[in-house]
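To start, the structure itself, in structure tokens.
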Amino acid sequence: MTHSMTGYGGATKRYGGFIIQFEIKSVNHRYGEVVIRMPREWTCYEDGLRRLVLSHVKRGRIDVFINKEHEDHTSPLRLNRPVLEAYIKAASEIGVKYGTDPTMTTADLLSLPDVMTVDSSVQGMELSEALEHKLQEGLSEAIQGLVLMREQEGTHLAQDIANHLTRLEEIHAELITLAPEVVKDYRSRLEGRLSELMEGVLDEQRFAMEVAIFADRSNVDEELIRLKSHFEQCRGLLQSCEPVGRKLDFLIQEMNRETNTIGSKANHLALVNRVVEMKAELEKIREQAANIE
Numbered sequence: 251m252t253h254s255m256t257g258y259g260g261a262t263k264r265y266g267g268f269i270i271q272f273e274i275k276s277v278n279h280r281y282g283e284v285v286i287r288m289p290r291e292w293t294c295y296e297d298g299l300r301r302l303v304l305s306h307v308k309r310g311r312i313d314v315f316i317n318k319e320h321e322d323h324t325s326p327l328r329l330n331r332p333v334l335e336a337y338i339k340a341a342s343e344i345g346v347k348y349g350t351d352p353t354m355t356t357a358d359l360l361s362l363p364d365v366m367t368v369d370s371s372v373q374g375m376e377l378s379e380a381l382e383h384k385l386q387e388g389l390s391e392a393i394q395g396l397v398l399m400r401e402q403e404g405t406h407l408a409q410d411i412a413n414h415l416t417r418l419e420e421i422h423a424e425l426i427t428l429a430p431e432v433v434k435d436y437r438s439r440l441e442g443r444l445s446e447l448m449e450g451v452l453d454e455q456r457f458a459m460e461v462a463i464f465a466d467r468s469n470v471d472e473e474l475i476r477l478k479s480h481f482e483q484c485r486g487l488l489q490s491c492e493p494v495g496r497k498l499d500f501l502i503q504e505m506n507r508e509t510n511t512i513g514s515k516a517n518h519l520a521l522v523n524r525v526v527e528m529k530a531e532l533e534k535i536r537e538q539a540a541n542i543e
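Heads up: the sequence shown runs through residues 251 to 543, numbered per the working numbering.
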């Protein structure tokens, strides 16, 4: 199943008196890059969490957000009264000794170092294997949501690409039909011109040689055969369970190369018009393939 590189997932877990929230989102990226943002005291678990993400997602920029809050929603900040009183006393002594104004606003007092501290009862939870397991469990649940969304989006992308491939195959069939007409039209035009110039007397051998040279130079059989093979490979990739974005990108480049070669060899208006349409379809496929994992 084809996967998109865009998705989102979330989960919530409770542990040690805390609510732990998990969010994971991904966007297009050439490689697999995981960025994790979580409480600083949990960074020792970061490598394991990154490996967990990469075991499910191979390509894209993946941002992981892990936050915690105390379950009873009380503020963890507490007023450190001894420190506050020491600041006020010091301000008063400075005012008496140096004649300065000891008045301080509430905002001034709260901005002083260590006036507000984190209550030791809600500072955090002890690092342990149980905590690591809970983080892995919560992130796994969020990843499931992410993968599901990427699968759903990938299905739509694959269907759209398949539709464009169908149109390419139709144009390809038209090119196969038109290719022999190129030489026939050239032969007819050349014969008419030479008849006018030479008053109806043709050098049959020279004429046949010119037509043969043109036929060889304008032959696109090999390009059409390779295009057919590329179409089949693309359809096979769209059914694969492995990441196929880079392979699709390579095949699109190859198809563009073959199409450009056909266009450069063509000397026929109808054929050139089909080449232009084929290039337009390939560009639409390229835009969609850029979103595939």
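Yeah, the Cβ is synthetic: ideal placement off N, Cα and C, and Gly gets one too.
Give me, in chain order, the residues of the same chain whose beta-carbon lies closer than 6 angstroms to that of residue i; leave out the 5 immediate sequence neighbours on both sides.
i, result
"Val314", "Ile274 and Ile286"
"Ile512", "Val470, Glu473 and Val525"
"Leu327", "Met366"
"Leu398", "none"
"Gln373", "Confidence in Gln373 is poor, its pLDDT being 49 and thus under 50, which makes the residue's placement too unreliable to answer from."
"Gly267", "Glu321"
With distances taken Cα to Cα, identify the nearest neighbour of residue i among the options.
i, options, result
"Ile269", "Glu531, Asn506 and Glu321", "Glu321"
"Phe481", "Glu543, Cys491 and Arg417", "Arg417"
"Arg476", "Lys339, Ala516, His518 and Ile426", "Ile426"
"Pro332", "Tyr348, Lys347, Ile316 and Pro363", "Pro363"
"Thr262", "Glu492, His518 and Leu385", "Leu385"
"Glu543", "Leu329, His383 and Leu304", "Leu304"
"Arg507", "Asp351, Gly486, Gln409 and Glu533", "Glu533"
Counting C-beta neighbours from all protein chains within 10 Å, is the total for residue i 16 or more, i.e. buried, or is it exposed?
i, result
"Ser254", "buried"
"Tyr281", "exposed"
"Met319", "Just to set this straight, residue 319 is Glu in the shown sequence, not Met. Glu319 is exposed by the Cβ-count criterion."
"Pro430", "exposed"
"Gly388", "buried"
"Leu360", "exposed"
"Pro493", "buried"
"Leu407", "buried"
"Gly259", "buried"
"His518", "buried"
"Arg290", "exposed"
"His414", "buried"
Alpha helix (DSSP H) containing residue i: first to last residue?
i, result
"Glu531", "Leu519 to Ala539"
"Ile338", "Arg331 to Tyr348"
"Ala357", "Thr356 to Leu360"
"Ser514", "Gly495 to Lys515"
Can you name, in chain order, every residue of its own chain whose Cβ lies under 7 angstroms from the Cβ of residue i, other than the five neighbours on each side?
i, result
"Leu501", "His480, Gln483 and Cys484"
"Ser390", "Leu302"
"Ala539", "Ile411, Gly495, Leu498, Asp499 and Ile502"
"His383", "none"
Taking the beta strand (DSSP E) that residue i falls in, what are its first and last residues?
i, result
"Gln483", "Segment Asp471 to Leu488 is the alpha helix (DSSP H) holding Gln483; no beta strand (DSSP E) there."
"Ser378", "Where Ser378 is concerned, there is no enclosing beta strand (DSSP E), given that its DSSP letter is neither H nor E."
"Gly257", "Gly257 to Tyr265"
Who are the near neighbours of residue i in its chain, counting only those whose CB is closer than 8 angstroms to its CB and skipping five residues on each side?
i, result
"Ile421", "Arg524, Glu527, Met528 and Glu531"
"Glu504", "Arg476 and His480"
With 8 angstroms set as the bound, which would you pick, yes or no: does the beta-carbon of residue i sit closer than that to a beta-carbon of chain C?
i, result
"His253", "In summary, chain C is missing from the structure at hand, where a single protein chain is found."
Handout entry: Within the region 279-321, ranges of the beta strand (DSSP E) (whole runs, at least 3 residues)
Key = 282-287 and 310-320
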